[in-house]
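S.K.:
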Amino acid sequence: MIKKRVLLLSEGFGAGHTRAAYALSSSLRKLSPNVQTKVLELGSFLNPKVAPLIITAYKKTVLSQPRLVGMMYRHQYNKSLNRFTTLALHRIFYTHTKNVVNQLRPDIVVCTHPIPSAVISRLKRLGEKILLCTVITDYDAHGTWISPEVDRYLVSTQEVRGKMIQQGVPPGRIKVTGIPVHPNFWEHPEKEDIRDTFQLKDMPTVMVMGGGWGIMSDEIINDFLTRWRDDVQILFCLGNNEKVLKKLEQDSRYNHPNIRLIGFTQEVDKLMEVSDLLVTKPGGMTCTEGLAKGIPMLFHHPLPGQEEENCHYFTAQGLGEPISSLEVIVKWMNKLMTELETIRERREEQLQSIALYRPMESAQSIIDMLDSKKVPS
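Residues 5 to 381 (this note's numbering) are what the sequence shown spells out, left to right.
1) State the beta-bridge partners of Lys247 as determined by DSSP.
2) Where Pro363 and Lys34 are concerned, what is the direct C-alpha to C-alpha distance, given to the nearest angstrom?
3) Output the distance between the C-alpha atoms of Glu15 and Ile119, rounded to the nearest integer angstrom.
4) Tell me which residues share the same chain as Met168 and place their Cβ nearer than 6 Å to its Cβ, disregarding the 5 neighbours each side in the sequence.
5) Output needed for Ala367: all residues of its chain with C-beta closer than 8 Å, excluding positions within five of it in sequence on either side, in chain order.
6) Can you check whether the CB of Ile299 is closer than 8 Å to the CB of Ile225?
7) Return helix, strand or coil for Glu223, following the three-state DSSP convention.
8) Alpha carbon to alpha carbon, how far is Ser381 from Glu153?
9) CB Ala140 to CB Val10, shorter than 8 Å?
10) What span of residues does the beta strand (DSSP E) with Thr41 cover, start to end?
11) Rounded to the nearest angstrom, what separates Glu277 and Thr292 at their Cα positions?
12) Tell me whether the beta-carbon of Leu340 lies closer than 8 Å to the beta-carbon of Pro174.
13) Would you decide whether Leu3 is buried or exposed? Buried here means 16 or more other CB atoms lie within 10 Å of its CB.
14) Contact defined as beta carbons within less than 8 Å: I believe Asp227 pairs with Arg257. What is the distance between those atoms, to the nearest angstrom?
15) Report the three-state DSSP secondary structure of Phe318 (helix, strand or coil).
16) Check the C-beta distance from His21 over to Thr116 and give it rounded, since I have them as a contact under 8 Å.
17) Do Cys241 and Val212 have their C-beta atoms within less than 8 Å of each other?
18) Quick check: what's the CA-CA separation for Asp206 versus Gly324?
19) Starting from the Cα of Gln310, find the closest Cα among Glu132, Thr101, Trp149, Leu130 and give me that residue.
20) So for Met301, helix, strand or coil by DSSP?
21) Assuming Arg233 contacts His260 (C-beta within less than 8 Å), just tell me the rounded distance between them.
22) Let me know if Pro37 comes out buried or exposed under the rule of 16 or more other beta-carbons within 10 Å of its beta-carbon.
23) Report the option in Val105, Glu163, Arg129 whose CA atom is closest to the CA atom of Tyr317.
24) As a quick exercise: from His304, Glu313, Val272, His305, pick the residue whose alpha carbon is nearest that of Gly294.
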């Protein structure tokens with residue numbers, strides 16, 4: 005039997021978009037042996053020298069001028085990428101996209117970032133016959149995701165669906181599936197086995213994540229957390245930020261049996277499983293992974309724009325709380341030391357309540373599109 009080919013396109017502007025693509029790839033192959041997947045960060049694949057420079061410049065802008073990023077996000081909120089922008093992207097950055105599509109001959113293209121979605125949309129306008137599915141990886145619907153050439157959108161919530169309808173997207177092209185995360189996050193292996201593997205203790209445990217880029221710039225919060233190191237186990241997950249990792253390794257406050265400094269790892273799901281509290285940037289993927297694990301979350305310094313919207317959503321759902329002051333940390337550290345069993349019982353209840361969520365829904369929707377080869381408009 006000839007396998008159906010799924011091309012998943014992302015970009016390296018933060019790790020969440022590409023994590024979503026790989027999560028979908030795993031889920032698709034788990035659901036159907038007749039599906040073949042390929043994940044590409046399109047810019048990095050086509051321009052391996054130029055793309056890292058652009059991404060680095062974007063990262064510096066996010067870190068140094070977050071208010072500017074927020075202003076741009078709000079200013080462009082209801083606007084798609086205009087044709088001049090998509091033309092410029094196509095000519096300058098994605099000249100060979102058509103060749104890639106023609107060479108791989110996918111039965112469907114799935115985009116987890118708005119830029120490749122816009123580029124594939126433009127190819128469709130120029131006459132290419134491509135089935136296009138776009139997966140929105142946040143709890144908001146910014147206009148840059150929207151293009152009339154998209155055959156189906158997979159979105160996180162009914163609220164996001166409503167926002168897209170208000171922006172003119174036909175309701176039949178939007179399906180609420182939740183944000184796809186790797187199937188491992190929906191599994192719950194024995195905690196003792198995980199603790200043995202990572203040499204962790206069975207005690208109140210806080211996991212600190214700095215976002216997909218390993219941004220751990222909040223030294224006040226990090227240092228404040230170390231005050232509880234005698235009573236609380238703290239896992240600092242630093243991602244690819246080797247500079248901060250080395251800095252903390254040389255800091256005596258972090259040299260303690262109950263503090264673990266962890267670089268890049270592909271076992272975040274296991275570390276989250278044995279943690280009792282997650283302190284994180286509110287990226288859409290990380291929040292959804294936390295949701296799958298049922299872990300209570302504290303959000304620090306959301307970036308203006310989609311991270312703020314993610315923070316608002318999870319706070320409104322009672323699944324997390326912003327760190328509005330250091331008193332929030334004091335409150336939760338005290339709860340971990342005095343109410344640990346209650347926190348763990350509530351987490352189990354939370355896991356029962358989200359059991360109705362179907363983690364394979366995004367992948368199943370893509371398979372349905374492959375089977376039908378057309379989408380209602």
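Each residue gets a CB set at the ideal place from its N, CA and C atoms; glycine is no exception.
M.R.: This is what the structure holds:
1) In the DSSP output, where bridge partners are listed per residue, Lys247 has none listed.
2) Roughly 12 Å between the two C-alpha positions.
3) Computed Cα separation, rounded: 8 Å.
4) Once the five neighbours on either side are set aside, the close Cβ partners of Met168 are Ala145, Ile178.
5) Leu28, Ser31, Leu32, Lys34, Leu35, Pro184, listed in sequence order.
6) Not in contact: Ile225 and Ile299 (Cβ atoms no closer than 8 Å).
7) DSSP places Glu223 in helix when its eight states are reduced to three.
8) Because the pLDDT of Ser381 is 44, which lies under 50, any placement of that residue in the model is unreliable, and the question is left without a value.
9) One detail in the question is off: residue 140 reads as Ile in this sequence, not Ala. No, the pair does not count as a contact, with Cβ atoms beyond the cut-off.
10) It spans 39–45 - the beta strand (DSSP E) in which Thr41 sits, taken as one unbroken run.
11) Answer to the nearest angstrom: the Cα atoms are 14 Å apart.
12) No.
13) Past the edges of the chain, shown from 5 to 381, lies residue 3, and the structure says nothing about it.
14) Between Asp227 and Arg257 the beta-carbon gap is near 7 Å, inside 8 Å, which marks them as a contact.
15) The answer is helix: DSSP assigns Phe318 an H, G or I state.
16) Rounded, the Cβ-Cβ distance is 5 Å, consistent with contact.
17) Annotated as proximal: Cys241 and Val212, with beta-carbon spacing under 8 Å.
18) Roughly 23 Å between the two C-alpha positions.
19) It is Trp149.
20) Three-state result, Met301: strand.
21) About 5 Å; that satisfies the 8 Å criterion.
22) Burial state of Pro37 is exposed, judged by a 10 Å Cβ sphere holding fewer than 16 other Cβ atoms.
23) Of Val105, Glu163, Arg129, the residue nearest in Cα terms is Glu163.
24) Closest option to Gly294, Cα to Cα, is Val272.
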